[in-house]
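There are 2 protein chains.
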Amino acid sequence: MTKARPTIEEVARRAGVSPATVSRVLNGTARVSREKVRVVLEAVEALGYTPSPLAQSLARGRSYALGILLPDFESPFYSPILQALAHRLEATPFRPVAVPGHWSLARELEALDFLKAQRVEALILLGATVDGAPLEALGVPVVAFGERVGERVFSLLLDNREAAYRATRYLLAKGHTRIAHVSSHRGHADIRERLLGYRRAMREAGLEARVVYGDLTEAGGYRAGKELFARFPDTTAVFAANDQTAIGLRLFLYEAGLSVPEDVSLVGFDDIPLAAYQTPPLTTVRQPARAIGEVLAEAALAVLEGREPLLPKLELFLVERRSVGEVGG
Amino acid sequence: MTKARPTIEEVARRAGVSPATVSRVLNGTARVSREKVRVVLEAVEALGYTPSPLAQSLARGRSYALGILLPDFESPFYSPILQALAHRLEATPFRPVAVPGHWSLARELEALDFLKAQRVEALILLGATVDGAPLEALGVPVVAFGERVGERVFSLLLDNREAAYRATRYLLAKGHTRIAHVSSHRGHADIRERLLGYRRAMREAGLEARVVYGDLTEAGGYRAGKELFARFPDTTAVFAANDQTAIGLRLFLYEAGLSVPEDVSLVGFDDIPLAAYQTPPLTTVRQPARAIGEVLAEAALAVLEGREPLLPKLELFLVERRSVGEVGG
DNA sequence: CTGTTAGCGCTTTCAC
DNA sequence: GTGAAAGCGCTAACAG
Chain A
1 MTKARPTIEE VARRAGVSPA TVSRVLNGTA RVSREKVRVV LEAVEALGYT PSPLAQSLAR
61 GRSYALGILL PDFESPFYSP ILQALAHRLE ATPFRPVAVP GHWSLARELE ALDFLKAQRV
121 EALILLGATV DGAPLEALGV PVVAFGERVG ERVFSLLLDN REAAYRATRY LLAKGHTRIA
181 HVSSHRGHAD IRERLLGYRR AMREAGLEAR VVYGDLTEAG GYRAGKELFA RFPDTTAVFA
241 ANDQTAIGLR LFLYEAGLSV PEDVSLVGFD DIPLAAYQTP PLTTVRQPAR AIGEVLAEAA
301 LAVLEGREPL LPKLELFLVE RRSVGEVGG
Chain B
330 MTKARPTIEE VARRAGVSPA TVSRVLNGTA RVSREKVRVV LEAVEALGYT PSPLAQSLAR
390 GRSYALGILL PDFESPFYSP ILQALAHRLE ATPFRPVAVP GHWSLARELE ALDFLKAQRV
450 EALILLGATV DGAPLEALGV PVVAFGERVG ERVFSLLLDN REAAYRATRY LLAKGHTRIA
510 HVSSHRGHAD IRERLLGYRR AMREAGLEAR VVYGDLTEAG GYRAGKELFA RFPDTTAVFA
570 ANDQTAIGLR LFLYEAGLSV PEDVSLVGFD DIPLAAYQTP PLTTVRQPAR AIGEVLAEAA
630 LAVLEGREPL LPKLELFLVE RRSVGEVGG
């Protein structure tokens with residue numbers, strides 16, 4: 001067995017003071033004489049003492065836990081957000097407790113139960129679909145990304161519709177007219193917004209919309225490509241609801257012997273880390289993952305301190321790379 | 330304010346029993362009469378009671394926390410392992426506490442301090458470089474992936490050297506002779522093993538080794554490609570220490586107008602999710618992320634229960650895709 | 001400034 | 001079987 005960690009009691013004894021005093025110097029919770037401070041610090045040092053967060057939490061009546069509900073740990077889009085979130089929390093007393101909802105409402109509900117049991121003080125929703133009652137039941141402030149949820153919830157909303165509209169317009173400007181969109185039934189409001197932006201651009205241009213559905217995974221994008229080119233073989237450009245879809249579809253094109261961007265142009269959404277390294281580098285709408293994570297963390301911290309969180313308007317813009325060509329160019 | 334969560338006390342009062350009894354029925358920790366069980370369960374139900382893990386931990390003297398030290402949350406290789414790890418832990422009383430070491434020994438040490446403070450009961454090391462004393466200081470069992478660490482540590486070791494050897498042999502069999510390897514100074518033992526395997530295959534074939542260094546990121550792979558082809562323009566095949574490096578290098582090739590696999594063949598390592606979707610699909614050595622995560626979790630649980638963990642020998646095998654061509658083929 | 005006294009919410013002897 | 005009582009390690013009044 002390992003030697004048990006020292007307790008505040010032992011530190012106090014060794015320093016010849018009361019536990020309360022030790023607590024006070026460690027937390028700066030009240031003025032303590034220079035001398036005692038010194039002795040306490042020495043004892044802490046000598047014993048290698050670190051307070052037990054467990055005991056602290058129980059005594060203070062707070063968990064210092066921040067729940068983070070995300071689809072899963074391996075999503076190339078959400079992972080960087082989680083990374084930024086965790087990073088921002090490092091300097092605070094709060095710890096992230098991240099749980100995967102596995103893209104399923106049922107699993108999300110389970111995750112919420114878990115977070116509830118953990119007594120999280122606030123909840124950050126990343127690409128979740130839960131809403132209403134279950135959230136209320138948690139009884140803690142909620143900060144969401146991408147979805148306008150309930151009343152007492154702060155949402156960081158990016159203008160997906162506008163961005164999708166502009167991405168489609170970009171394709172139109174390049175001379176494309178037979179432009180398809182790969183959407184998804186899975187995923188949250190953002191995905192629907194992108195579809196709407198695409199539709200609007202097409203409608204305004206007097207063009208017919210071509211929509212097929214994937215599931216936001218590479219495999220889904222591949223399948224969608226297959227379906228798309230079976231139904232609309234003359235498509236010259238496709239705007240995918242996310243990068244993973246675009247990348248999956250790109251594999252289909254490769255196998256079908258269609259080149260990008262010569263035969264078909266491709267635009268994605270998200271700008272995941274690997275988008276810039278595709279062949280050709282993928283033109284896509286950049287979602288500022290880092291900033292998103294920081295803003296969400298900031299907002300959660302604000303709410304916890306009773307401040308009104310400010311959710312700055314983050315811009316979505318198209319990153320032009322090499323996957324889009326000019327028609328007849 | 331939200332209503333405070335009910336305590337065991339309230340449940341007991343409502344059921345007309347003592348808190349001890351409530352605890353007993355909830356934990357099956359002792360025999361309780363049918364009648365009381367019923368009443369207690371009813372009260373629990375009515376109040377929507379969930380025990381506080383905090384209080385439980387304190388009272389039981391254990392944290393149920395499993396530390397997981399990994400490079401960062403956004404690595405396409407480690408994320409899936411974390412995902413599997415977390416998944417395996419879901420059905421257990423243990424919770425994963427994952428902290429990023431940011432590929433830096435200093436940050437890893439900080440992370441360890443944090444985990445120590447959290448009183449984790451065991452530690453799982455994913456691609457970490459810490460070793461020896463700091464680990465001993467934690468005073469808990471350690472399960473590591475990829476690195477043979479200290480004495481009291483269980484390591485899941487895959488034969489990277491052999492796999493790299495075989496990957497290089499594969500390239501040789503395809504007729505390549507001017508084969509380069511992109512290694513890295515960053516990263517742990519695995520990376521060095523891969524270099525050794527490559528060297529051995531080259532030596533045995535009586536060929537000159539061509540080694541350049543990246544940093545395991547796409548950007549590093551790109552830079553390495555630049556350096557490689559400046560120094561050895563006639564290279565026809567490159568074996569990269571990981572997929573991200575290969576993908577970065579592939580961008581360099583694309584920009585340089587060299588096609589894969591016609592002009593240069595490419596082999597990666599890891600088989601990250603996106604490898605199969607590169608253009609062309611990347612031939613790579615598959616590391617079974619899912620299995621790795623599960624085995625590590627299993628091992629940690631075993632150690633915690635006092636059992637000898639069994640670390641099955643997982644195989645590394647080459648996944649042939651389309652990024653390798655035959656010389657003169 | 002500082003020690004004493006109560007707990008935080010739960011588990012676990014220890015008796016009955 | 002079951003309740004009373006004593007903590008787990010720490011903080012937070014409450015008196016001095």
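Heads up: the sequence lines are chains A and B, in that order.
As numbered in the working numbering, residues 1 to 329 make up the first sequence, in order.
As numbered in the working numbering, residues 330 to 658 make up the second sequence, in order.
Beta carbons: idealized from backbone N, C-alpha and C, even for Gly.
Spell out whether any CB of chain B is found under 8 angstroms from the CB atom of arginine 31 of chain A. In the first sequence, the residue the question calls residue 31 of chain A occupies position 31. No, arginine 31 of chain A does not count as interfacial toward chain B.
Counting only runs that start and end within the region 181-213 of chain A, where is the alpha helix (DSSP H) found for 4 or more residues in a row? Counting whole runs of 4 or more residues, the region 181-213 of chain A contains the alpha helix (DSSP H) stretches 189-204.
Can you give me, in chain order, the residues of the region 47-74 of chain A that have a beta carbon less than 7 angstroms from any beta carbon in chain B? Residues passing the 7 angstroms Cβ filter: Thr50, Ser52, Pro53, Leu54, Ala55, Ser57, Leu58, Ser63, Asp72, Phe73 and Glu74.
Just how far apart, CA to CA, sit leucine 69 of chain A and serine 323 of chain A? For the purposes of this step, residue 69 of chain A is taken as residue 69 along the first sequence, with counting starting at 1. For the purposes of this step, residue 323 of chain A is taken as residue 323 along the first sequence, with counting starting at 1. Distance between the alpha carbons of leucine 69 of chain A and serine 323 of chain A is about 33 angstroms.
What's the call for aspartate 684 of chain B, buried or exposed, on a 16-neighbour Cβ count within 10 Å? This structure leaves residue 684 of chain B out entirely; chain B is present only between 330 and 658.
Listed from N- to C-terminal order along the chain, which residues in the region 615-649 of chain B have their beta-carbon within a distance smaller than 7 angstroms of any beta-carbon of chain A? The residues in question: there are none.
Residues of the region 138-167 of chain A with Cβ closer than 9 angstroms to any Cβ of chain B, in chain order: Listed by position, the residues of the region 138-167 of chain A near chain B (Cβ gap below 9 angstroms) are Leu138, Gly139 and Val140.
Tell me, please, whether the region 534-542 of chain B touches the region 452-469 of chain B by the rule of three or more beta-carbon pairs shorter than 8 angstroms. With a cut-off of 8 angstroms, the region 452-469 of chain B and the region 534-542 of chain B do not count as touching, because too few Cβ pairs lie within range.
Can you tell me which of B:His431, B:Pro638, B:Leu524 and B:Leu647 puts its alpha carbon nearest to the alpha carbon of leucine 485 of chain B? Mapped onto the second sequence, residue 485 of chain B falls at position 156. It is B:Pro638.
Neighbouring residues, chain A, relative to glycine 577 of chain B (Cβ below 7 angstroms): Here residue 577 of chain B corresponds to residue number 248 of the second sequence, with the count starting at 1. Near glycine 577 of chain B (Cβ distances below 7 angstroms), the residues of chain A are Tyr277.
Pull out every residue of the region 433-462 of chain B whose Cβ sits closer than 7 angstroms to any Cβ of chain A, in chain order. Residues passing the 7 angstroms Cβ filter: Lys445, Ala446, Gln447 and Arg448.
C-alpha gap between alanine 189 of chain A and leucine 109 of chain A, whole angstroms: The count along the first sequence starts at 1 and reaches residue 189 of chain A at position 189. The count along the first sequence starts at 1 and reaches residue 109 of chain A at position 109. So the two alpha carbons sit approximately 19 angstroms from each other.
Report the neighbours of proline 93 of chain A on chain B: residues whose CB is nearer than 8 angstroms to its CB, in chain order. On the first sequence, residue 93 of chain A is found 93 positions in, with the first residue counted as 1. The contacting residues do not exist; proline 93 of chain A stays about 12 angstroms from chain B at best.
N- and C-terminal bounds of the beta strand (DSSP E) containing valine 267 of chain A: Taking the first sequence and counting its residues from 1, one reaches residue 267 of chain A at position 267. That run of the beta strand (DSSP E) goes 265-270.
Please name the residue in A:Ala256, A:Gly187 and A:Leu228 whose C-alpha comes closest to that of asparagine 242 of chain A. Mapped onto the first sequence, residue 242 of chain A falls at position 242. The residue with the shortest Cα to Cα distance from asparagine 242 of chain A is A:Gly187.
Note down, one range per segment and in chain order, each alpha helix (DSSP H) of at least 4 residues found wholly within the region 239-266 of chain A. Entirely contained in the region 239-266 of chain A, the alpha helix (DSSP H) runs reaching 4 residues are, in chain order, 243-255.
Nearest residue (CA-CA) to glycine 475 of chain B, options B:Asp599, B:Thr379 and B:Phe423: By 1-based counting over the second sequence, the position of residue 475 of chain B is 146. When each option's Cα is compared against that of glycine 475 of chain B, the closest is B:Asp599.
When B:Arg650, B:Val366, B:Ala575 and B:Val656 are compared against leucine 545 of chain B, the one with the closest alpha-carbon: For the purposes of this step, residue 545 of chain B is taken as residue 216 along the second sequence, with counting starting at 1. When only C-alpha atoms are compared, the closest one is B:Ala575.
Backbone CA spacing between valine 541 of chain B and arginine 615 of chain B [nearest angstrom]: Along the second sequence, read from residue 1 onward, the residue named residue 541 of chain B stands at position 212. Along the second sequence, read from residue 1 onward, the residue named residue 615 of chain B stands at position 286. So the two alpha carbons sit approximately 22 angstroms from each other.
Alpha helix (DSSP H) containing leucine 125 of chain A: first to last residue? Locating residue 125 of chain A in the first sequence gives position 125, counting from the first residue. Note, leucine 125 of chain A: premise wrong, no alpha helix (DSSP H); beta strand (DSSP E) at 122-126.
Would serine 265 of chain A pass as an interface residue toward chain B - the criterion being a Cβ-Cβ separation below 8 angstroms? Position 265 of the first sequence, counted from the start, is the residue given in the question as residue 265 of chain A. It does not; no Cβ of chain B falls within 8 angstroms.
With a threshold of 6 angstroms on Cβ separation, who are the neighbours of leucine 418 of chain B within its own chain once the five nearest residues in sequence on each side are excluded? One-based indexing of the second sequence puts residue 418 of chain B at position 89. Excluding sequence neighbours, leucine 418 of chain B sits near Pro425 and Ala626.
Who does leucine 438 of chain B pair with in a DSSP beta bridge? Residue 438 of chain B sits at position 109 when you count from the first residue of the second sequence. For leucine 438 of chain B, which the question treats as bridged, DSSP gives no partner whatsoever.
Uninterrupted beta strand (DSSP E) stretches inside the region 1-72 of chain A (no shorter than 3 residues): Annotation: the region 1-72 of chain A contains the following complete segments of the beta strand (DSSP E) (minimum length 3 residues), in chain order: 65-70.
Among A:Ile272, A:Val17 and A:Gly175, nearest to proline 336 of chain A - alpha-carbon criterion: Any property of residue 336 of chain A remains undetermined from this structure, which presents chain A solely from 1 to 329.
So for proline 409 of chain B, helix, strand or coil by DSSP? The sequence position of residue 409 of chain B within the second sequence is 80, counting from 1. In this structure, DSSP gives proline 409 of chain B a helical state, which the three-state scheme calls helix.
Strictly below 7 angstroms CB to CB, what residues from chain A border glutamate 591 of chain B? Sequence index remark: in the second sequence, residue 591 of chain B carries index 262 (1-based). Per Cβ cutoff of 7 angstroms: no residues; glutamate 591 of chain B is ~13 angstroms from chain A at best.
Measure the alpha-carbon distance for leucine 643 of chain B versus tyrosine 170 of chain A and round it to whole angstroms. Position 314 of the second sequence, counted from the first residue, corresponds to residue 643 of chain B. Position 170 of the first sequence, counted from the first residue, corresponds to residue 170 of chain A. Just so you know, the alpha carbons of leucine 643 of chain B and tyrosine 170 of chain A end up roughly 48 angstroms apart.
Backbone secondary structure at proline 100 of chain A - three-state DSSP: Position 100 of the first sequence, counting from 1, holds the residue named residue 100 of chain A. The three-state secondary structure of proline 100 of chain A, taken from DSSP, is strand.
With arginine 650 of chain B and proline 610 of chain B assumed to form a contact (beta carbons below 8 angstroms), what rounded beta-carbon distance in angstroms separates them? Along the second sequence, read from residue 1 onward, the residue named residue 650 of chain B stands at position 321. Along the second sequence, read from residue 1 onward, the residue named residue 610 of chain B stands at position 281. Going by Cβ atoms, the distance from arginine 650 of chain B to proline 610 of chain B rounds to 4 angstroms, so yes, they are a contact pair.
For valine 369 of chain B and valine 354 of chain B, what's the separation of their Cα atoms in angstroms? Mapped onto the second sequence, residue 369 of chain B falls at position 40. Mapped onto the second sequence, residue 354 of chain B falls at position 25. In a straight line, the C-alpha of valine 369 of chain B is about 8 angstroms away from that of valine 354 of chain B.
Spatial neighbours of proline 470 of chain B within its chain, please: C-beta separation below 6 angstroms, excluding the five flanking residues on both sides. Mapped onto the second sequence, residue 470 of chain B falls at position 141. Excluding residues within five positions, the ones whose Cβ falls inside 6 angstroms are Ala451 and Val632.
Consult DSSP for threonine 565 of chain B and reduce its assignment to one of helix, strand or coil. Position 236 of the second sequence, counted from the first residue, corresponds to residue 565 of chain B. Of the three classes helix, strand and coil, the one that applies to threonine 565 of chain B here is coil, per DSSP.
Proximal chain A residues relative to glutamate 547 of chain B, where beta-carbon distance stays under 9 angstroms: Indexing the second sequence from 1 puts residue 547 of chain B at position 218. Near glutamate 547 of chain B (Cβ distances below 9 angstroms), the residues of chain A are Pro273, Leu274, Ala276 and Tyr277.
At which residues does the beta strand (DSSP E) containing threonine 613 of chain B begin and terminate? Locating residue 613 of chain B in the second sequence gives position 284, where the first residue counts as 1. In this chain, the beta strand (DSSP E) harbouring threonine 613 of chain B covers 612-615.
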